[in-house]
DNA sequence: AACGCAGTTCCGCTCAGCGGAACGGGCGGG
DNA sequence: CCCGCCCGTTCCGCTGAGCGGAACTGCGTT
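Protein chains in written order, with the numbering used here: chain B, 1 to 266; chain L, 1001 to 1266.
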């Protein structure tokens, strides 16, 4: 497997002095978030992050003190604690686009009877911050907070198409276009043509590019400064495929109204 | 004013050595979570937490490095970053209702020697997603996945009582209160009085409302967003009838603990 | 019993990080 | 327009917080 070291790319943009122990503690927290294992032991963490057991133990003690992790009394293994929910709730409260978008998403979900999502960008990735799911048995749910690349999927492409040219260029030249599924666009020229098309018609479509069996239609939400978020409607591939055009019209109309409310001037 | 040293009260429950800088960093994060202000400045944080500006700045730099906070480029003020969502999403995955509830249900079933069930809502209906049955000859088993109306039976009424008023109103006005058994409440006023009572005492009781010869005691499970599930204990009517009050106490206690673990804030 | 492997604790050395002070820049009032 | 104020940021030398190798404990397996 190709070794992708997450620590290499981060040192580049380090702006000033920072505190190593805090970053180590954050790394421990993210280890809980990344791994699919339900809990982690001290030695396990120490080996993965290549720091001493004593340090890991002290870090966990500190995090435990603040309820960011909890320890199972008998197995002595650690998991994330409820305090992270508290932080996430506060983060969501801050996002003003979220409050405004919620209404729009509810309307979209009701109109299409599919899942509506809200994504924001974080550097060269995007993540879902909210979703509204329809009341039906087979429906799509997305994973909130997890970063996804911008070149795979409708929401990502919508960001990529509408950020300013310099950022788009940076993304396309710096980041390899990894295939998330068999349908992901991995050829740069093909992707740029696709982005041109997205800009021309105002919305992006993905048929299984990020998630096999899922399709998505996405359009950008603008405020006065530019694209701040992307709203999508997504669902099972075969259910969405025949109604892409109508769905796109609904999404574009909804994001257009929302953009006006956020101070966008066309 | 009496000088309260913040380092004294925390050392009480400190189990081992911990790292001061990590706890300070956590305090900074929680400051963002607690205050109702949308963002915070360095000096502001330094004054509140009584640590030097330089330290606060280094902490923020470290947290920024890991996307736990973000800084507005022009105002130079800080807010929580998207990484907290990532942590919360992972926390939720670990402790999703189903996994967590299973443990609770097993305890409830063992304690009462009756069937414990977990229901989720699907629009204007609810369905069982899990059950734990006791090891005895005469016992109740429910049908998983089949939709039931919300106004008949303890689990349904528990949903109806604790969803927000708009949804409850929609259900009551749109849907005729069909009699599932002879004991189903079909009068709207009577049902609303019943729901008031359920909210007041925290649990719902059904004596043969949905299934003749069966009784059930149910209480809601909350996460940060509201009621996500309902847990019930159910069994043969005449066996459960004399112990409804004690059973209710057990269910309410179990769902209460579960709700806390799911991020419910009372 | 002896071993292995887990989490936890100990303790002395050392450099990470603290903090007072200086710096730069944006804003507002004189 | 200039000056003072207060903001965030950076500097730098001193020092004790915290690192880590090693010892300790307790559980489960050989």
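From the three backbone atoms N, C-alpha and C, an ideal C-beta is built for every residue, glycine too.
From a predicted model like this one, the values you see are computed outputs, not experimental measurements.
- Around the CB of residue 1144/L, fewer than 16 other CB atoms lie within 10 Å, so the residue is classed as exposed.
- Of all residues in the segment 1131-1158 of chain L, none places a beta-carbon less than 7 Å from a beta-carbon of chain B.
- With 16 or more other Cβ atoms inside 10 Å of its own Cβ, residue 235/B counts as buried.
- Contact between the segment 226-234 of chain B and the segment 147-163 of chain B is present: three or more C-beta pairs spanning the two stretches fall below 8 Å.
- Assigned with DSSP and collapsed to three states, residue 1127/L falls in strand.
- Between residue 237/B and residue 219/B a beta carbon distance of about 19 Å is seen, past the 8 Å cut, so the two are scored as non-contacting.
- With contacts defined as CB atoms closer than 8 Å, residue 118/B and residue 146/B fail to qualify as a contacting pair.
- Residue pairing by DSSP places residue 1117/L opposite 1131/L, 1232/L in a beta bridge.
- Ranked by how close their Cα comes to the Cα of residue 1017/L, the residues 204/B, 54/B, 45/B have 54/B in first place.
- Residues of chain B with a Cβ closer than 7 Å to the Cβ of residue 1080/L are, in chain order, 87, 90, 91, 94.
- At a cut-off of 8 Å between C-beta atoms, residue 1043/L does not count as an interface residue with respect to chain B.
- Following the DSSP letters along the chain, one finds residue 207/B inside the beta strand (DSSP E) bounded by residues 204-207.
- The beta carbon of residue 1048/L does not come within 8 Å of any beta carbon belonging to chain B, so the residue lies off that interface.
- Look at the beta carbons and you see the segment 83-96 of chain B touching the segment 1082-1099 of chain L: at least three pairs across the two are nearer than 8 Å.
- Only those residues of the segment 15-31 of chain B whose C-beta falls short of 9 Å from the nearest C-beta of chain L are listed: 15, 16, 17, 18, 19, 20, 21, 22, 23, 24, 25, 26, 27, 29, 30.
- Here residue 1219/L carries a strand assignment [DSSP, helix/strand/coil].
- Identification of residues in the segment 1231-1255 of chain L having a C-beta nearer than 7 Å to some C-beta of chain B yields an empty set.
- One Cα belongs to residue 212/B, the other to residue 181/B, and the distance between them is close to 6 Å.
- At least 8 Å separates the beta-carbon of residue 1051/L from that of residue 62/B.
- As DSSP reads the structure, residue 69/B sits in a beta bridge with 80/B.
- When the alpha-carbon of residue 1024/L is set against those of 1067/L, 1222/L, 1116/L, 1057/L, the nearest one is in 1057/L.
- When secondary structure is reduced to three states using DSSP, residue 1263/L falls in the coil class, being assigned neither helix nor strand.
- Under DSSP, residue 1040/L forms a beta bridge with 1078/L.
- A straight line joining the alpha-carbon of residue 93/B with that of residue 254/B spans about 22 Å.
- According to the DSSP assignment, residue 96/B belongs to the alpha helix (DSSP H) that extends over 96-112.
- Straight through space, the alpha carbons of residue 1221/L and residue 187/B are spaced by roughly 48 Å.
- Taking a beta-carbon distance threshold of 8 Å, residue 1040/L does not count as an interface residue toward chain B.
- Under the DSSP assignment, residue 1195/L falls in the alpha helix (DSSP H) whose first and last residues are 1188-1201.
- The segment 67-83 of chain B and the segment 197-208 of chain B do not touch, with fewer than 3 CB-CB distances between them shorter than 8 Å.
- Boundaries of the alpha helix (DSSP H) harbouring residue 1168/L: 1165-1174, taken from the DSSP string.
- By alpha-carbon distance to residue 1191/L, the top candidate from 1032/L, 1153/L, 1135/L is 1153/L.
- In terms of Cα proximity to residue 1131/L, the closest of 1231/L, 1265/L, 1260/L, 1262/L is 1231/L.
- A distance below 8 Å between beta-carbons, with the five flanking residues on each side excluded, links residue 1106/L to the following residues of its chain, in chain order: 1116, 1132.
- For residue 154/B, the enclosing alpha helix (DSSP H) stretches over residues 154-162.
- In the three-state scheme derived from DSSP, where H, G and I count as helix and E and B as strand, residue 1144/L is classed as strand.
- Residue 1119/L has a beta carbon lying at 8 Å or more from every beta carbon in chain B.
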